[in-house]
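Numbering (my numbering), first residue to last: 12 to 542.
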């Protein structure tokens, strides 16, 4: 699979994608420059830098993260955020080896991209020029055959006129013969122009543009490889600083090595492939057969091509570089091509499934809170939870309705309606919990993890306190005295249970087998979370 074959009609997408790649290289260069300026500062300044370059939720940059080179850049930022827990110095040659070299390479990429796009524009202009010649010859052919028809009718009328002289009749016949000869020449010219245009069109769509698009693909893949090397070099210049920092930098190296230019190209194809066919040849419109027909019946038909598929004006050919008007978005994504519609419907179903699961968890938590209030009236009035329970139930019903609607649309679009990867649970007034599988069948399952945020605040008031379930394990890499309040001591190699993840402050909550709990520095342990 390559761009020239699968993205033949996605010029705008390729243009934006290659520009986005150059922007990413430029952004990475700026990122390294700014980092070298703040290396002497504390970890807080380094965290601010990574936050600055992290894409905002729902932004265009976040959508680009489906590509491995963009995702690797985000992985670099994440590793830098861990690295920010340690105050360290960075090697001075980072600016020389990364920023200057990538800046030079970026200029070469910009020039190469400009050259390829210029070639594409010239090919398009050449095809448009040929089409104008074809259109001109067709109109001339139509006009001359109409004049020939009129001349033939006039000659026939003159021949039947008893008052016309022999000279007049002969002159009218000569005029008709001359017009017929001119029309025949125009017909031959039109046929030659049509053959020329169809040949150039075939050359344009099957040879010229695929070659240019494949060159752009090769350029983009080379850029990705070079950028990946920049990611790796970014870490290699710092690995000698400290063992703990070296572990963060190993993660950055993995991010660079995880970049796969071929997969990125396939991802672009998968995201934007329309599924339409290339335009076919235009049909010959023989106006000569319309001499004895009315003007409204003189045309033999309209050209057929990709416009028939795209639903555009059939009187004009399909231009690859013309600006496409944005269709009006519909709730069922019917404005999208079939392939893209199925993907958007599946994405919407997954989003609704997550929202429904949140409401189910909320319902579970409210049910447990209600049980606590009923058993311990001094803690609260169970009736006060009724509005929240009712609202949660309504939300669950609404989300189930929307899920059913989008599943039906997905089925109509040719997708599978049973692709949900969640179980929706409902809560009734008796405290029973029903589990619904995606196909609507009831099944009984265990209740979710009781450590919900809305329920956890009551744990301290139970006579028999329930400990939070561990979410993973960690192994101590270094000794930690645990002399501060709230911390816990540990020895190198000791295995502890992880109770609470690092929330960005550099500390992780753990528990020993004997029940002792406390916080330890995240960078002092190797953590493995449960899947």
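C-beta: ideal position from N, C-alpha, C; glycine also. Quick caveat: nothing in here was measured; it's all calculated off a predicted structure.
DSSP state of residue i mapped onto helix, strand, coil
i           : result
residue 349 : helix
residue 540 : strand
residue 48  : helix
residue 524 : coil
residue 517 : coil
residue 529 : strand
residue 42  : helix
residue 78  : coil
residue 491 : strand
residue 478 : coil
residue 32  : helix
residue 65  : coil
residue 387 : coil
residue 358 : helix
residue 174 : coil
residue 278 : helix
residue 23  : helix
Cutoff 6 Å; reference residue i; Cβ partners in own chain excluding five residues on either side
i           : result
residue 393 : 381, 384 and 385
residue 124 : 29
residue 15  : 221, 224 and 225
residue 197 : 151, 152 and 155
residue 465 : Summary for residue 465: the model assigns pLDDT 35, below 50, so the residue's position carries little reliability; its value from the coordinates is reported in the next sentence. Here the set comprises 376.
residue 186 : 162
residue 38  : none
residue 503 : 487, 489 and 490
Rounded straight-line distance, which links the Cα of residue j to that of residue i
i           : j           : result
residue 144 : residue 278 : 40 Å
residue 128 : residue 205 : 27 Å
residue 7   : residue 417 : This structure cannot speak to residue 7, because the chain is shown only from 12 to 542.
residue 68  : residue 203 : 57 Å
residue 424 : residue 346 : 12 Å
residue 525 : residue 536 : 19 Å
residue 405 : residue 512 : 33 Å
residue 215 : residue 265 : 42 Å
residue 90  : residue 262 : 6 Å
residue 413 : residue 12  : 37 Å
residue 247 : residue 232 : 23 Å
residue 163 : residue 209 : 33 Å
residue 33  : residue 275 : 15 Å
residue 297 : residue 157 : 12 Å
residue 510 : residue 481 : 5 Å
residue 179 : residue 147 : 34 Å
residue 373 : residue 409 : 15 Å
residue 341 : residue 419 : 15 Å
residue 201 : residue 183 : 27 Å
residue 447 : residue 370 : With a pLDDT of 37 at residue 447, under the threshold of 50, the predicted position of this residue should be treated as unreliable, though the coordinate-derived value follows. Those two C-alpha atoms are separated by around 14 Å.
residue 415 : residue 379 : 29 Å
residue 106 : residue 407 : 54 Å
residue 46  : residue 515 : 20 Å
Cβ-based neighbour list, residue i, same chain, cut-off 8 Å, excluding 5 preceding and 5 following
i           : result
residue 497 : 529 and 530
residue 270 : 79, 80, 83, 235, 236, 238, 239 and 242
residue 18  : 24, 25, 224, 279, 280, 283 and 284
residue 523 : 499, 507 and 508
residue 566 : Residue 566 lies beyond the range of the chain shown here (12 to 542); nothing can be said about it.
residue 95  : 54, 55, 57, 58 and 61
residue 474 : The predicted position of residue 474 is uncertain, since its pLDDT is 39 and thus under 50; a value taken from the coordinates is nonetheless stated next. There are no such residues.
residue 356 : 343, 344, 417, 420, 421, 424 and 426
Opening and closing residue of the beta strand (DSSP E) in which residue i lies
i           : result
residue 484 : 483-487
residue 511 : 506-511
Same chain only: Cβ atoms within 7 Å of residue i, ignoring 5 sequence neighbours per side
i           : result
residue 532 : 491, 517 and 518
residue 207 : 141
residue 88  : 61, 64 and 65
residue 109 : 43, 241, 244 and 245
residue 399 : 377
residue 174 : none
residue 363 : 410, 413, 414 and 417
Limits of the unbroken alpha helix (DSSP H) element including residue i
i           : result
residue 500 : Counting along the chain, residue 500 falls outside any alpha helix (DSSP H), and DSSP gives it neither H nor E.
residue 235 : 220-247
residue 254 : 254-268
residue 209 : 177-214
residue 415 : 397-423
residue 53  : From DSSP, residue 53 is part of no alpha helix (DSSP H); its letter is neither H nor E.
residue 292 : Taken as a continuous stretch (DSSP letters only), residue 292 belongs to no alpha helix (DSSP H), as it is neither H nor E.
residue 156 : 112-171
residue 271 : Residue 271 -> no alpha helix (DSSP H), and no H or E assigned at all.
residue 339 : Element bounds for residue 339: n/a, residue is neither H nor E.
residue 17  : 14-17
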